[in-house]
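*Asks:* As you go down the protein sequences, you meet chains F and S in turn. Those letters in the first sequence? Residues -19 to 112, per my numbering, in order. Those letters in the second sequence? Residues 10 to 186, per my numbering, in order. The C-beta atom is built at its ideal place from N, Cα and C for all residues, glycine as well. Please read these numbers as outputs of a predicted model, since none were measured by experiment.
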Amino acid sequence: MLNILVVDDSLIIRKNLKKYIASLGHNVIGESVTGAQAVEACRELKPDLITMDITMPDMDGVSAVKMIKEFDNDVNIIMITSHGQEDMIVSSLKAGAKGYILKPVNEEKLANAIETIYAQETDDYDDDLLEY
Amino acid sequence: MIKDECHGAEIEKDVLTPILQRAVSFLNDDMKIRVVSQSLQVICPKKVELKKNTSMIGTGGSIQVIITMSYEDALLEELVKAFLEGEEAAEDEMDEIRESVSSEFVNTVVGNALSNPFDGTTLTITPPVLIYEAKSLFRHKSSAIAAASITTSFGDILLTVIGPKESFADTLQFKEL
């Protein structure tokens, strides 16, 4: 069971992600609505995995990933975005994210992302653009 | 809406058409809300009457426009039900859920539709913004508005694209704006 931090400024997306995470047998350790909150929550809660929205007010997801990776290089991060633009995805991966889920999010996409990330930890990591 | 002459071949091809197509497929396939008809015309009205529930998103980079989606009440309620996927929500969080659904719909549709700009350049989108109590959009002489609509079994969505007048020229050079 993974301890997962959910980061998204949209209430409906947070609600659905929390439901999928619980259904997959994992634990929602916390939720944040901005990138800055996510950095603090990660420092405090030490999650195994973060689902991170890219487009947020205050601090975007890519900046938050960069800051988090400075003090916790072990946490796995999945970006959630409506926007499949390669520049943004490449920036996220360079910052340390493991891949991304293109909205609309559903349980199957999340399950596939989690499964792939934890399978990668025992295999060679393929540094392609990883859309789950 | 009062129609006016305008050019809009590029705005129709590169912005309005992909957004309208993604909105229709999102409604039909993901939300299971049946689209009855759609209107895809760049009519460039002088004035657009907004519905009560309106969300707005801006794009930057190679396409610099503001996009609004305006929903009828019954349709927004149906979108809320679809997003909740059969779950109940507390009454005291329903207003925020309606707002986030209205925003997520436009965010997902526009983000998906404009992921790959026509000229291969960079495009950014802003977080969605809700417009409260706005009743209409008026076109300023230096701007242009293109509008389209989708009719579903639960009501209409009005889609507008607002940009500088140059954006609606038949041949666009967005990067030079």
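With 8 angstroms as the threshold, decide whether the Cβ of Phe163 (chain S) is near any Cβ in chain F.
*Replies:* As a working mapping, residue 163 (chain S) is identified with position 154 in the second sequence. Answer no: the Cβ-Cβ gap between Phe163 (chain S) and chain F never drops below 8 angstroms.
*Asks:* Along the segment 87 to 106 of chain S, where does the CB come closer than 9 angstroms to a CB of chain F? Name the residues.
*Replies:* Under the 9 angstroms Cβ criterion, the segment 87 to 106 of chain S contributes Val89, Phe92, Leu93, Glu94, Glu96, Ala98, Glu102, Glu105, Ile106.
*Asks:* Quick check on the DSSP output: the alpha helix (DSSP H) that includes Ala2 (chain F) runs from which residue to which?
*Replies:* Indexing the first sequence from 1 puts residue 2 (chain F) at position 22. -9 to 3 is the extent of the alpha helix (DSSP H) around Ala2 (chain F).
*Asks:* Check whether chain S comes within 8 angstroms of Ile(-16) (chain F), counting only Cβ atoms and requiring the distance to be less than that.
*Replies:* Working through the first sequence from its first residue, we reach residue -16 (chain F) at position 4. For Ile(-16) (chain F), the answer is no, since every Cβ of chain S falls outside 8 angstroms of its Cβ.
*Asks:* Using 10 angstroms around the beta-carbon of Pro178 (chain F), count the other beta-carbons present and answer buried if the total reaches 16, otherwise exposed.
*Replies:* Since the displayed chain F opens at -19 and closes at 112, residue 178 (chain F) lies outside it and no answer follows.
*Asks:* Report the option in F:Ile(-8), F:Asn(-4), F:Asp33, F:Asn(-17) whose CA atom is closest to the CA atom of Ser72 (chain F).
*Replies:* Residue numbering aside, residue 72 (chain F) sits at position 92 when the first sequence is read from its first letter. Closest by alpha carbon: F:Asp33.
*Asks:* With a threshold of 8 angstroms between beta carbons, is Glu113 (chain S) in contact with chain F?
*Replies:* Numbered from 1 along the second sequence, position 104 holds the residue referred to as residue 113 (chain S). Yes, because at least one Cβ of chain F sits closer than 8 angstroms to the Cβ of Glu113 (chain S).
*Asks:* So for Leu146 (chain S), helix, strand or coil by DSSP?
*Replies:* Taking the first residue of the second sequence as position 1, residue 146 (chain S) is located at position 137. Strand.
*Asks:* Would you kindly report the start and end of the unbroken beta strand (DSSP E) that includes Ser233 (chain S)?
*Replies:* The structure shown does not extend to residue 233 (chain S), since chain S is modelled only from 10 through 186, so no value can be given for it.
*Asks:* With three or more beta-carbon pairs closer than 8 angstroms as the criterion, would you say the segment 1 to 21 of chain F touches the segment 39 to 46 of chain F?
*Replies:* Taking 8 angstroms as the limit for Cβ pairs, the verdict is that the segment 39 to 46 of chain F does touch the segment 1 to 21 of chain F.
*Asks:* So if DSSP puts Pro137 (chain S) in a beta bridge, which residue, or which two residues, is it bridged to?
*Replies:* Taking the second sequence and counting its residues from 1, one reaches residue 137 (chain S) at position 128. Its beta-bridge partners do not exist; DSSP assigns none.
*Asks:* Give me the chain F residues within the contact set of Pro136 (chain S), using Cβ-Cβ distance strictly less than 7 angstroms, ordered along the chain.
*Replies:* Against the second sequence, residue 136 (chain S) aligns to sequence position 127. Going along chain F in sequence order, the residues near Pro136 (chain S) (Cβ under 7 angstroms) are Asp(-11), Thr35, Met36, Pro37.
*Asks:* Are the CB atoms of Ala138 (chain S) and Met65 (chain S) nearer to each other than 8 angstroms?
*Replies:* As a first step, residue 138 (chain S) must be located in the second sequence, where it is residue number 129. As a first step, residue 65 (chain S) must be located in the second sequence, where it is residue number 56. Before going on, a small fix: residue 138 (chain S) reads as Val here, not Ala. Cβ distance < 8 angstroms, so Val138 (chain S) and Met65 (chain S) count as in contact.
*Asks:* Using beta carbons (cut-off 8 angstroms, strictly below), is Lys184 (chain S) in contact with chain F?
*Replies:* On the second sequence, position 175 is the one that residue 184 (chain S) refers to. Reliability fails at Lys184 (chain S), whose pLDDT of 34 lies under 50, so the model's placement of it is uncertain and no value is given.
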